[in-house]
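Residues in the sequence shown are numbered from 51 upward in steps of one, following the numbering used here. What follows is a set of notes on a single structure, which appears directly below.
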Amino acid sequence: MSAALDIRRPAHEGQAAGIGLWVFIGVASTLFALFLTAYAMRMDEAPDWTTLAMPWQLWLSSGWLIAGSVLLQRAAKQPPPAAQHLLLAGGACAIAFVLTQLWAWQSLADARVSLTGNPAASFFYVLTALHGLHVLGGLVGWSVAVHQSTSWRIALVARYWHFLLAVWGVLFAALGWLTPGVVAFICGRG
């Protein structure tokens, strides 16, 4: 009976979780791609579009996300007991990312850039909030990895952080450098 149970178990303890994470990354990538497509389409059709000046805090938050990704990758390459301090530092960077994003939002609010009135501002808040929610979700997985440190959990957290970094890179580039003129050029009208 126990042999039959062993046959049904995955070859690697984290194999099913790894496949699940890849599926989630695919779904989340599609979600972000659809939002970015809507961003470009709205920009192309909007005479009321006013490009935002990106708050400088976004550069700092990008640095936090890069540092967190590097630390978590280094943690994934070490045995769990030795990885603990790198895992904690990577999570601290993620928390710093979220706090710095909130600081950027406050900077825009101080400049009277609100969620309504300018479609560029609306998309900025929605896209950064959506990414921030994914970071907060990643912190849930990170906290599990901190409390139940296994090599495969740490590796999955690192993989997810690389995904978050890639998405942030695309979002940051789109929010900062995608303009109505660039969209018109891409669509063959510029």
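Where is the CB? At the ideal position from N, CA and C, for every residue including glycine.
Inset, instruction - Report yes if the C-beta distance between Leu137 and Ala195 is below 9 Å; otherwise report no. - result: Yes; because the gap between Cβ atoms is below 9 Å, this pair is in contact.
Legend entry - Buried versus exposed, by CB contacts within 10 Å (16 or more), Ile93: Checking the sequence shown, residue 93 turns out to be Met, not Ile. Around the beta carbon of Met93, 16 or more other beta carbons lie within 10 angstroms, which makes this residue buried.
Inset, instruction - Note down the Cα distance separating Trp227 from Leu102, rounded to an integer number of angstroms. - result: Answer to the nearest angstrom: the Cα atoms are 10 Å apart.
Inset, instruction - May I have the straight-line CA-CA distance separating Phe235 from Phe222, to the nearest angstrom? - result: When rounded, the distance between both Cα atoms is 20 Å.
Inset, instruction - Could you say which of Gly70, Ala132, Ala139 and Gly76 lies nearest to Val217 if we only look at CA atoms? - result: If we check each option's Cα against that of Val217, Gly76 comes out closest.
Inset, instruction - Below 6 Å CB to CB, which residues in the same chain sit around Ala154 once its five sequence neighbours on both sides are set aside? - result: Same-chain partners within the cutoff: Pro105, Gln107 and Leu108.
Inset, instruction - Could you round the C-beta distance between Trp211 and Gly140 to whole angstroms and report it? I think they count as a contact, below 8 Å. - result: Their Cβ separation, rounded to whole angstroms, is 7 Å, which keeps Trp211 and Gly140 in contact under 8 Å.
Legend entry - Through-space distance from His135 to Ala179, alpha-carbon basis: Taking the straight line joining both Cα atoms gives about 29 Å.
Inset, instruction - Report all residues from its chain with a CB closer than 7 Å to the CB of Arg124; omit the five preceding and five following residues, and keep chain order. - result: Cβ neighbours of Arg124 within its own chain (closer than 7 Å, five residues either side excluded): Leu136.
Legend entry - Complete runs of the alpha helix (DSSP H) confined to the stretch 162-237 [at least 4 residues]: Entirely contained in the stretch 162-237, the alpha helix (DSSP H) runs reaching 4 residues are, in chain order, 169-197, 201-227 and 230-236.
Legend entry - Cys237 versus Asp98: straight-line alpha-carbon distance, rounded: Roughly 19 Å between the two C-alpha positions.
Legend entry - Proximity of Ala88 and Phe173 at Cβ, strictly below 9 Å: Their beta carbons are under 9 Å apart, which means Ala88 touches Phe173 by this criterion.
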